[in-house]
Structure formats: C-alpha cells, structure tokens
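Enquirer: Below is the structure I would like to discuss, written out as structure tokens.
There are 2 protein chains.
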Amino acid sequence: MHPALSDHARPKRAVFFISDSTGITAETLGNALLANFPGFRFERHTIPFIDTAEAATAVVQTITAADAAGLAPIVFSTMKNAAVGRVLDTAPAPRIDLLGGHLTELEQTLGTTASEQLGQFHTVGDTEAYFARMRAVEYAIEHDDGQSSRALEFADVIIIAPSRCGKTPTTMYLALQYGLLVANYPLTDEDFPTDGLPRLVAPYADRCYGLTTTPLRLSQVRHERRPDSRYASLAQCTLELRRAEELYRRTRVPFLNSSTKSVEEMSAIILQTLKLRA
Amino acid sequence: MHPALSDHARPKRAVFFISDSTGITAETLGNALLANFPGFRFERHTIPFIDTAEAATAVVQTITAADAAGLAPIVFSTMKNAAVGRVLDTAPAPRIDLLGGHLTELEQTLGTTASEQLGQFHTVGDTEAYFARMRAVEYAIEHDDGQSSRALEFADVIIIAPSRCGKTPTTMYLALQYGLLVANYPLTDEDFPTDGLPRLVAPYADRCYGLTTTPLRLSQVRHERRPDSRYASLAQCTLELRRAEELYRRTRVPFLNSSTKSVEEMSAIILQTLKLRA
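Line by line, the protein sequences give chains A and B.
Under full-length UniProt numbering, the very last position in the first sequence is 278; numbers go up by exactly one each time.
Under full-length UniProt numbering, the very last position in the second sequence is 278; numbers go up by exactly one each time.
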C-alpha cells in the first residue's frame, strides 16, 4: 500500500473484538496487532459479554451484515468456552483466537486439562482485592496535588513534579491497576529556595518519584488551562523544569520524562524503579 | 491434581510475563490462561521493557536460575520484534508467544507483511489522547461524590448510588481507560422524600447509571469506614438499597449490582448500556 494513497482510497475493513468478558484484552491485543498494518483503515467494534451460543449467533449476523456491506470483516476473540468460539467460525470472517490456542499450549506444558469453570479474566467477587482498589483510589483522590498529609507515611509512591507534568493520571493508574497508595505533590516556586525536598515529602524521600517533560509540551498543556499567562509561558516552563530536574538529581529522586510516554508506560517504569512489582 | 491436596504439596512453577512494553497485556492474558489450572501454584514475575537482544539475554539468565531452583519456568511473551523473542527461546522454558503467531495470521488475512516499526501497544506521544485522559481524570476528581455541578452538562456518564456501592473506582476506570467525562453522585436520605432523581442530576437523566449491591456487602464495606455505626448497620443498608433500586426503576435509570462484578466489568456494562462504545 503506497503511503501517499489518500485515506478514502485505502481499503476499509470491519474489525470485531469479541469477548465473553469485558473485551478489554481482546481490544488491547487486537489493536496492538492491527497497529502493524498502517496501510489499512479499520472500523472497530467491541462486543463484550458473549458467553452463550445464542449470543454468539446474534454476533454472527452482525458480522455477516458487515461482510455484505463489503467491509471484509476480521474477528479477534477471547472466549474461554471453545463451543461458543466455534459458533463465531460460522461467520464469513477469519477469526484470530487470542486465547484458545494458548490454552492448548499451556495444557501441554502442564500436562493436564484446563478446568473450564475457573477461567476468569478478572477476579470477580474477590472482596479483598476490591477493597484494596477502592482504598487506593480514595487515597489518590485525597492526596492529589499535595492536598493532604494525612497518612502520607503509608504511601507506596509519592509523585512529585511541577504543575501539569502528568502527576494525576499516573497516580490514578497506579492506584486502579495495582491497588497502590499513591500521593502526588506539586513543585512550586516556593519549593526552590531550599536545597532539599519539600518539607511535607522529605521524610519519605525513598518513595518519591519525579516527573519532568519538555518546556514546549508543558507550555502547551498549561496554555490549555490558563491561556497566555506567565504560568504557561515558555520561559517559566523552562525555568521550572530545570529547577525540578536539578532538585531530583540533588536529592537522588529517580525521574522520567513524561512527554513521550503513555500513562501505562510511566506506571510500569515507576513500579520497576521503586521495586513495587509483586 | 486432587483439590484436597494441601497448598504445600502442590507443584510450584515460576511464570514470567515478558514484554517489550509495559507487560500489562502479557500479565492480563497470561493470568487469564493460568486461571484455568487451579491445581498449580505459580510464582509470577513481570519483566517489562525487554526490547533488545542484550536485555533478553539477561532475562534468559533469570529464567535459567529459576529452572535451576526447580521451579520449571513458563514464559508468556508479547514481543513485537521476533528476533528479541527468539533470544528467549534459548531459556530452559516453554514460551507461549501471545503476539507473534497472531501477527502471522493477520499477515495472511491482510495479504501483506507487518511493518515492524509501527507496532505500539499504547499510542506514545499522542498528545490529543493524552489531553483527553488528563481532562477526564481531573473531571472525575472534581465531580467525585457530588462535589461539583460545574460543567455537569458535559458529563458522558453520571453514576448514582448510595455511599460505598463502588461509584468512585468505576468512575476513575471509565475516565482513565476510555477518556470519558464521568461524574458521580451519592444518594442520601435527603434524596428520598421526592419521586424523581436528585435535583442536581435530574436534567441529565439519560446519562445516569445506578449502582446497587447486597445489604450484607454494603454493611461490610461501611463497617470498614465507620465501625458499628447506624450508617453501617444491616437495617440501614437494606433500607437505602431498597429505596435506591425503587428510584432507579421509577425513573427508568439502568442499574447493576456491583457485589459480584469487577470494576472492569461494571465499566464495560455501563459503556454498552449507555451506547458509549466507539
């Protein structure tokens, strides 16, 4: 496919992410695979909770309609029940089974048969894990932007950075995905006359993690919030980031540049650096 | 494996989730597969950001050490670069390649070769998507627990429920995973003398979604926050949930029971019901 081809000339195909659960994994892995084919345009549909043959039959009709419309459908599926998966194979579309084949591989490796009843993507009804997550999200809200010092000694991570470097989304992701207690603290002009970390977080230096970004990007993000302010000016952003990075280095706080990273990547790096992986 | 076998008698195997990116997908899919084998004990390790042959060689040593310790390792991998993946095959462990085989299937389906450069799990540096996520998380924090009515007309979803039914984690998940603007509003005793929805959210009834749970579980969660209070008593929880469910039915607000569902499942159901899927 020639990259200069206009968007409308590129073939458009219908893609179905079909799951007996939420569809999140089918979507994530399917999209990662599709990203390798930039020459195509895809029309994506996620269809979750397909856990009976009847539900699968209805999906087959949807896929058939897409085929009739000339969209040459492709199916990605994560179905734990092989019989339900096989219903999808009656649709006029190749199916990429993201789960079934690997289950067979794992059966061979472990020398035993999979127990159909127990395959759950997410631990449903696991009360302890649910409580941990709820507590973590509430802790993150309470400790967003240095709002509270209550129970700060229990923080697993304290993210520090100048305003608008990406502290909040990363905090929430760590709380939700890993159930960690995460606080974040904004570095302001007041934090810079001194040599050390801000007074509030200084006792927990070993749990601090810094963020930085590029001045241009920071200025862009700050203009969104306060257009044409000193706060958003390139000069001010350059100064704050330079001071923050100097502070991280001086206090030996590990840090990363958020400008080229997704929230998932930043979270994974923080976990790894602070050795918070199980 | 006999289920009555004591935990210590069950074989323990080392499982490695290895990725050139965050490892989240390898972990999620790998754990979904392992959940089908309840007769085994697994010692899980996630090793992200393995994107060079050198890094993979170091991982092979870690796997070899686990093998020497008698833990009969298993590897799950999501590597976009096949050559890096092949380095892992020199380890004394079967590798379940969650990506490579499917890439070949997709190449056959599309009749073209994958472009190695472009396979990214998460859209790195996608400024617009990043802004949307940041705005969504900030909106969710601002609108948690009915704290603000500012810009409530822009909410994609308003989750309503009595205190401690799981509004906050679900709100955050929808904001982070899908970039949706989500508010949540607590139903209190004051909301029940009237027939309709609370005044603040009534104009947006079509975007409201209700949560309920079981009285026993609600009482358990509330005891965590305020032990032995009227608020946490089974009688009070039963009453509040009955009133909330009556309100949802009367006002035709769709609702679900959070007691047996994960945050991911609730989010997927809400998306589907309110037709918020792309």
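Built from N, CA and C at the ideal position, the CB exists for glycine as well.
So is alanine 232 of chain B in contact with chain A if we call contact Cβ pairs under 9 angstroms?
Expert: With 9 angstroms as the cut-off, alanine 232 of chain B does not count as an interface residue toward chain A.
Enquirer: From which residue to which residue does the beta strand (DSSP E) around glycine 210 of chain B run?
Expert: Looking at the DSSP string, the run of the beta strand (DSSP E) that includes glycine 210 of chain B is 208 to 212.
Enquirer: Compare the C-alpha of threonine 25 of chain A against each of B:Pro94, B:Ala32 and B:His102 and name the closest.
Expert: Considering only alpha carbons, the answer is B:Ala32.
Enquirer: Are the CB atoms of threonine 212 of chain B and cysteine 165 of chain B nearer to each other than 9 angstroms?
Expert: Result yes, Cβ atoms of threonine 212 of chain B and cysteine 165 of chain B sit closer than 9 angstroms.
Enquirer: Phenylalanine 131 of chain B versus chain A: which residues are under 8 angstroms apart at the beta carbon?
Expert: Within chain A, the residues near phenylalanine 131 of chain B are Val221 and Glu224.
Enquirer: Counting only the same chain and skipping the five closest in sequence on each side, list residues whose C-beta sits under 8 angstroms from that of leucine 82 of chain A.
Expert: According to the sequence provided, residue 82 of chain A is alanine. The question's leucine does not apply to it. Here the set comprises Gly100.
Enquirer: Report the three-state DSSP secondary structure of aspartate 51 of chain A (helix, strand or coil).
Expert: DSSP places aspartate 51 of chain A in coil when its eight states are reduced to three.
Enquirer: Below 7 angstroms CB to CB, which residues in the same chain sit around histidine 223 of chain A once its five sequence neighbours on both sides are set aside?
Expert: Excluding positions up to five away in sequence, the list reads Ala232.
Enquirer: Got a sec: is the Cβ-Cβ distance from tyrosine 209 of chain A to anything in chain B below 9 angstroms?
Expert: It does not: the Cβ of tyrosine 209 of chain A has no partner Cβ on chain B nearer than 9 angstroms.
Enquirer: Report the CB separation of lysine 12 of chain B from leucine 71 of chain B in whole angstroms; it is logged as a contact under 8 angstroms.
Expert: Between leucine 71 of chain B and lysine 12 of chain B the Cβ distance is about 6 angstroms, and since that is below 8 angstroms, they are a contact.
Enquirer: What are the boundary residues of the beta strand (DSSP E) that alanine 82 of chain B is part of?
Expert: Counting along the chain, alanine 82 of chain B falls outside any beta strand (DSSP E), though it belongs to the alpha helix (DSSP H) covering 82 to 88.
Enquirer: Shorter than 9 angstroms from the beta carbon of methionine 79 of chain A to some beta carbon of chain B?
Expert: Methionine 79 of chain A does not count as touching chain B.
Enquirer: Using a C-beta cutoff of 9 angstroms, does tyrosine 248 of chain B count as contacting chain A?
Expert: No, because no Cβ of chain A sits closer than 9 angstroms to the Cβ of tyrosine 248 of chain B.
Enquirer: Within its chain, find whatever has a CB closer than 7 angstroms to the CB of arginine 243 of chain A; leave out the 5 residues flanking it on each side and keep chain order.
Expert: Excluding positions up to five away in sequence, the list reads Phe192.
Enquirer: Taking only beta carbons into account, state which residues of the region 77 to 102 of chain A come closer than 8 angstroms to chain B, listed in chain order.
Expert: Cβ contacts with chain B: Thr78, Lys80, Pro94, Ile96, Leu98, Leu99, Gly101 and His102.
Enquirer: Using C-beta distances below 6 angstroms, list every residue in its chain close to proline 186 of chain A, excluding the 5 sequence neighbours before and after it, in chain order.
Expert: So the list reads Asp145, Gly146 and Ser163, once near-sequence residues are dropped.
Enquirer: Look at the alpha carbon of cysteine 208 of chain B and the alpha carbon of phenylalanine 49 of chain A, and state the distance between them as a whole number of angstroms.
Expert: Going by the C-alpha atoms only, they are around 22 angstroms apart.
Enquirer: Counting only the same chain and skipping the five closest in sequence on each side, list residues whose C-beta sits under 7 angstroms from that of phenylalanine 42 of chain B.
Expert: Cβ within range, chain order: Arg13, Val15 and Leu34.
Enquirer: Any beta carbon of chain B sitting closer than 9 angstroms to that of aspartate 144 of chain A?
Expert: Chain B, which has a Cβ nearer than 9 angstroms to the Cβ of aspartate 144 of chain A, makes this yes.
Enquirer: Does alanine 56 of chain A have its Cβ less than 9 angstroms from a Cβ in chain B?
Expert: No, alanine 56 of chain A does not count as interfacial toward chain B.
Enquirer: Could you check if glutamate 246 of chain B is buried or exposed, using at least 16 other CB atoms within 10 Å of its CB as the buried criterion?
Expert: Result: exposed.
Enquirer: Between which two residues does the alpha helix (DSSP H) holding alanine 244 of chain B run?
Expert: From DSSP, the alpha helix (DSSP H) with alanine 244 of chain B extends over 234 to 250.
Enquirer: What residue from B:Met79, B:Phe154 and B:Asp89 has the CA that sits closest to valine 60 of chain B's CA?
Expert: Checked all of B:Met79, B:Phe154 and B:Asp89; the closest Cα to valine 60 of chain B is B:Asp89.
Enquirer: Would the beta-carbon of glutamate 265 of chain B fall within 9 angstroms of that of threonine 78 of chain A?
Expert: Taking 9 angstroms as the Cβ cut-off, glutamate 265 of chain B and threonine 78 of chain A do not qualify as a contacting pair.
Enquirer: For phenylalanine 76 of chain B, write down the residues that DSSP places opposite it in a beta bridge.
Expert: DSSP output for phenylalanine 76 of chain B lists B:Phe17 and B:Ile96 as bridge partner(s).
Enquirer: Alpha helix (DSSP H) containing asparagine 31 of chain A: first to last residue?
Expert: Note, asparagine 31 of chain A: alpha helix (DSSP H), 24 to 34.
Enquirer: What do you reckon, are the CB atoms on leucine 103 of chain A and glycine 30 of chain A nearer than 9 angstroms?
Expert: In this structure, glycine 30 of chain A does not lie closer than 9 angstroms to leucine 103 of chain A by Cβ.
Enquirer: Checking contacts by CB at 9 angstroms: is serine 229 of chain B closer than that to chain A?
Expert: Cβ-Cβ to chain A under 9 angstroms: no for serine 229 of chain B.
Enquirer: Valine 87 of chain B to glutamate 27 of chain B, Cα distance in whole Å?
Expert: When rounded, the distance between both Cα atoms is 20 angstroms.
Enquirer: Enumerate in chain order the residues of its own chain whose CB-to-CB distance from glutamine 236 of chain A is below 7 angstroms, with the five nearest sequence positions on each side excluded.
Expert: These residues qualify, in order along the chain: Arg230.
Enquirer: By the 10 Å Cβ neighbour count, where 16 or more other Cβ atoms means buried, how is leucine 218 of chain B classified, buried or exposed?
Expert: It is buried - the Cβ of leucine 218 of chain B has at least 16 other Cβ atoms within 10 Å.
Enquirer: With 8 angstroms as the limit, tell me which residues of the region 260 to 277 of chain B have their beta carbon closer than that to any beta carbon of chain A; keep them in chain order.
Expert: Answer set for the region 260 to 277 of chain B: Thr260, Lys261, Ser262, Val263, Glu264, Glu265, Ser267, Ala268, Ile269, Gln272 and Arg277.
Enquirer: Tell me whether phenylalanine 42 of chain A sits in a helix, a strand or coil according to DSSP, three-state version.
Expert: Phenylalanine 42 of chain A falls in the strand class under three-state DSSP.
Enquirer: So does tyrosine 209 of chain B have its beta carbon nearer than 8 angstroms to some heavy atom of the ligand ADP?
Expert: By its list of ligands, the structure shown contains no ligand whatsoever, and the ligand ADP lies outside what it can speak to.
Enquirer: Which residue comes first and which comes last in the alpha helix (DSSP H) that contains phenylalanine 131 of chain A?
Expert: Where phenylalanine 131 of chain A is concerned, the enclosing alpha helix (DSSP H) stretches over 127 to 142.
Enquirer: Hey, arginine 133 of chain A and valine 263 of chain B: beta-carbon distance below 9 angstroms or not?
Expert: Yes, the pair counts as a contact, with Cβ atoms nearer than the cut-off.
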